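Trainee: One structure is given below, represented as structure tokens, and several questions about it will come after.
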Amino acid sequence: MISEPLSQYEEILKNAIRASMKESGAKLAKTFQTLLIEILTLYMILPRKINFTQMARYGKHGEQTYRQNFNRKKKDCIDWLLLNLSLARRVLEMEGLLAIAIDPCYISKAGKKTPHIGRFWSGCAGAVKHGLEIMGVGLLDVANNKCMMLRAHQTIGNSALKMRNKTLVEYYISVMKRYSKKLLSITDIVVADAFFSTSTFEKGISDLDFYLVSRFRDNACLHYIPKREKRRGRPRVKGDKIDLANLNPSCMEELHIDGLDGKAYTLEAYAKALKKRVRLVIWRMPGGKCKLFFSTKLSMMGEEVLKTYRTRFQIEFCYRDSKQFTGLMDCQARHKSQLDFAFNASFASLNAAKVFC
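UniProt numbering puts the first residue of the sequence shown at 1, with every later residue one more than the last.
What follows is the structure in structure tokens.
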């Protein structure tokens, strides 16, 4: 009885691997394809920690075989983004409103010899902790409130950032640049939390032809768009400053969204921090406090901006499920390529389970 669901799960993986190979034009050895299906199946069914020792105990191969294949060169390994995209196509509504969600995730790791180990922000602990960090890239189906992980990319440590003369935000931009061609073929909207609502990050991804959906700080400096005056000279870029305590109803439109407590308004505004016009959504909560959401894509509707940002939280559930069920934090390897394989295998096995369910 157990073999039938496992066979279905393996068939899902086999079809996804074939689709990703066809799209990328890669030619992977059949032995590796078979082993990859076995590895992703083990990620789903292994009890306790998912590491090389456990794989050798429950799998069909020795520990050294798993170690060597986790350490494959990029050209000989699967394209994780395309593999996960082929799985996502079976779950998400690809014709609807899609967005790329990005979010750094802290990975607990002891020791000093692991590549790029350092001190990173942990949202769960609310503090900086010793370990690793990955930049997770997910695909959001806004209409159906779903997320499928596409890629995990390890963040380099502080010493490596100093050697490259880069800030952390600039490194995140370089990660987006690395996968931009494939991501732009899906959607041009990137959604991220308030940490990324800076001019540096917005300009960086804007140069890559992406638009940003995010949230401003509560004290952000915003201005109304002035009316065009019939006189000579350069037109005014910004008008009066937006006073959140005394909003001008004639300059904005009220949104009617089911299940939203409080009131929401949308307008086109000038953001001083980004030095450009944005589609702004002001959400006044029942207590009177306001939250500011925005999109640099002016053609987006206010409802779409708010819904897209709220859907962003689905990526947190992907992290939670990967940590609890598919061993996102279990890998004990100390090689960068092995860690990269382990992180992405965790997400791929979770995606396959979503297709199966």
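By construction, the Cβ of each residue, glycine as well, lies at the ideal position given by its N, Cα and C atoms.
Predicted model only: the values in this text are computed from it and were never measured.
1. Just reading off the beta strand (DSSP E) that A152 is part of, what are its end residues?
2. Give me the Cα-Cα distance between W283 and E268, rounded to the nearest whole angstrom.
3. On the DSSP bridge list, what partners appear for E254?
4. Grab the span of the alpha helix (DSSP H) containing K203 for me, first residue to last.
5. Indicate whether I225 and Y265 have their beta-carbon atoms separated by less than 9 Å.
6. Determine the DSSP secondary structure at L274, reduced to helix, strand or coil.
7. Provide the residue span of the alpha helix (DSSP H) that contains I37, from first to last.
8. Which of the three DSSP states, helix, strand or coil, is assigned to S346?
9. If you follow the beta strand (DSSP E) that A88 is in, where does it begin and where does it stop?
10. When we look at the beta-carbon of G204 and count the other beta-carbons within 10 Å, is it buried (16 or more) or exposed?
11. Quick check: the Cα distance between Y106 and G118, rounded to an integer number of angstroms?
12. Look up G138 in the DSSP assignment and give the residues it is bridged to.
13. Name the DSSP beta bridge partners of E133, please?
14. Where does the unbroken beta strand (DSSP E) through R57 begin, and where does it stop?
15. Return the CA-CA distance between I315 and K230, expressed in angstroms with no decimal places.
16. Alpha carbon to alpha carbon, what distance is there between G288 and G262?
17. For residue 362, count neighbouring Cβ atoms within 10 angstroms of its own Cβ and tell me buried if that reaches 16, exposed if not.
18. So is the beta-carbon of K49 under 8 Å away from any non-hydrogen atom of the ligand PLP?
19. By alpha-carbon positions, which one of A88, G25 and N51 ends up nearest to C357?
20. For I37, tell me which candidate among A26, E303 and A16 has the shortest Cα-Cα distance.
21. Counting only the same chain and skipping the five closest in sequence on each side, list residues whose C-beta sits under 6 Å from that of T114.
22. Using the Cα positions of M163 and V137, report the straight-line distance between them to the nearest angstrom.
23. Using only alpha-carbon positions, find the residue among E10, K73, T308 and T53 that is nearest to F341.
24. Smallest Cα separation from A348: which of S7, K14, E4 and P5?
25. Which of the three DSSP states, helix, strand or coil, is assigned to S122?
26. Taking the alpha-carbon positions, what's the V278 to Q332 distance?
27. Give me the residue from R90, I45 and S7 with the minimum Cα distance to A19.
28. What residue range does the alpha helix (DSSP H) around V169 cover?
29. Buried or exposed for A127, please, with buried defined as at least 16 other CB atoms from any protein chain shown within 10 angstroms of its CB.
30. Taking Cβ positions, are I156 and L208 nearer each other than 9 Å?
31. For the pair the segment 171-185 and the segment 244-256, tell me if three or more CB-CB distances fall below 8 Å.
32. Does the Cβ of residue 372 have 16 or more other Cβ atoms within 10 Å, making it buried, or fewer, making it exposed?
33. Quick one: Cα of L161 to Cα of T167, how far?
34. Which value, in whole angstroms, describes the spacing of the CA atoms of N158 and P235?
Mentor: Looking at the coordinates:
1. Along the sequence shown, one-based indexing puts residue 152 at 152. It spans K146 to Q154 - the beta strand (DSSP E) in which A152 sits, taken as one unbroken run.
2. Numbered from 1 along the sequence shown, position 283 holds the residue referred to as residue 283. Numbered from 1 along the sequence shown, position 268 holds the residue referred to as residue 268. Roughly 15 Å between the two C-alpha positions.
3. As a first step, residue 254 must be located in the sequence shown, where it is residue number 254. By DSSP's assignment, E254 forms a beta bridge with Y265.
4. Here residue 203 refers to the residue found at position 203 when the sequence shown is read from its first residue. If you look at K203, you'll find it in the alpha helix (DSSP H) that goes S199 to S206.
5. Walking along the sequence shown from the start, residue 225 turns up at place 225. Walking along the sequence shown from the start, residue 265 turns up at place 265. Cβ distance not < 9 Å, so I225 and Y265 don't count as in contact.
6. Numbered from its first residue, the sequence shown carries residue 274 at position 274. Correct three-state label for L274: coil.
7. As a working mapping, residue 37 is identified with position 37 in the sequence shown. Taken as a continuous stretch (DSSP letters only), the alpha helix (DSSP H) holding I37 covers K30 to I45.
8. For the purposes of this step, residue 346 is identified with residue 346 of the sequence shown, where counting begins at 1. Looking at S346 - three-state DSSP - the assignment turns out to be helix.
9. Translated into positions along the sequence shown, residue 88 becomes position 88. If you look at A88, you'll find it isn't in any beta strand (DSSP E); it sits in the alpha helix (DSSP H) that goes W80 to A88.
10. Start at 1 with the first residue of the sequence shown, and residue 204 comes out as number 204. Label assigned to G204: buried.
11. Looking up residue 106 in the sequence shown gives position 106. Looking up residue 118 in the sequence shown gives position 118. Between Y106 and G118, the C-alpha separation is close to 11 Å.
12. Along the sequence shown, one-based indexing puts residue 138 at 138. Among the bridge pairs identified by DSSP, G138 is matched with A101 and M149.
13. Here residue 133 refers to the residue found at position 133 of the sequence shown. For E133, the pairing in a beta bridge is given by DSSP as Y106.
14. As a first step, residue 57 must be located in the sequence shown, where it is residue number 57. R57 -> not in any beta strand (DSSP E); alpha helix (DSSP H) instead, spanning F52 to Y58.
15. Counting from 1 along the sequence shown, the entry for residue 315 is found at position 315. Counting from 1 along the sequence shown, the entry for residue 230 is found at position 230. Near 48 Å, if we compare the C-alpha coordinates of K230 and I315.
16. By one-based count along the sequence shown, residue 262 stands at place 262. By one-based count along the sequence shown, residue 288 stands at place 288. For the pair G262 and G288, the Cα-to-Cα distance works out to about 8 Å.
17. Because the chain is modelled from 1 through 357, residue 362 falls outside the range shown and cannot be assessed.
18. The ligand PLP is absent from the structure shown, which contains no ligand whatsoever.
19. On the sequence shown, residue 357 is found 357 positions in, with the first residue counted as 1. With distances taken between Cα atoms, C357 lies closest to A88.
20. In the sequence shown, the residue the question calls residue 37 occupies position 37. Ranking A26, E303 and A16 by Cα distance to I37 puts A16 first.
21. Translated into positions along the sequence shown, residue 114 becomes position 114. Within the same chain, T114 has close Cβ partners R334.
22. On the sequence shown, position 163 is the one that residue 163 refers to. On the sequence shown, position 137 is the one that residue 137 refers to. Their Cα atoms are separated by approximately 25 Å.
23. Here residue 341 refers to the residue found at position 341 when the sequence shown is read from its first residue. Of the residues E10, K73, T308 and T53, the one whose Cα lies closest to the Cα of F341 is K73.
24. Here residue 348 refers to the residue found at position 348 when the sequence shown is read from its first residue. That would be K14, whose Cα lies nearest to the Cα of A348.
25. Within the sequence shown, residue 122 is the residue found at index 122, counting from 1. S122 falls in the strand class under three-state DSSP.
26. As a working note, residue 278 is residue 278 in the sequence shown. As a working note, residue 332 is residue 332 in the sequence shown. About 45 Å.
27. Position 19 of the sequence shown, counting from 1, holds the residue named residue 19. Scanning R90, I45 and S7 for the CA closest to the CA of A19 turns up R90.
28. For the purposes of this step, residue 169 is identified with residue 169 of the sequence shown, where counting begins at 1. Per DSSP, V169 belongs to the alpha helix (DSSP H) from L168 to L184.
29. Taking the first residue of the sequence shown as position 1, residue 127 is located at position 127. So A127 ends up on the exposed side.
30. Counted from its first residue, the sequence shown places residue 156 at position 156. Counted from its first residue, the sequence shown places residue 208 at position 208. Against a cut-off of 9 Å, the Cβ pair of L208 and I156 comes out as no contact.
31. The segment 171-185 makes no contact with the segment 244-256; the number of CB pairs closer than 8 Å stays below 3.
32. In the structure as shown, the chain starts at 1 and stops at 357, and residue 372 therefore has no counterpart that could be examined.
33. Your numbering for residue 161 matches position 161 in the sequence shown. Your numbering for residue 167 matches position 167 in the sequence shown. C-alpha separation (whole angstroms): 6 Å.
34. Residue mapping note: residue 158 aligns to position 158 of the sequence shown, counting from 1. Residue mapping note: residue 235 aligns to position 235 of the sequence shown, counting from 1. Roughly 45 Å separates the two Cα atoms.
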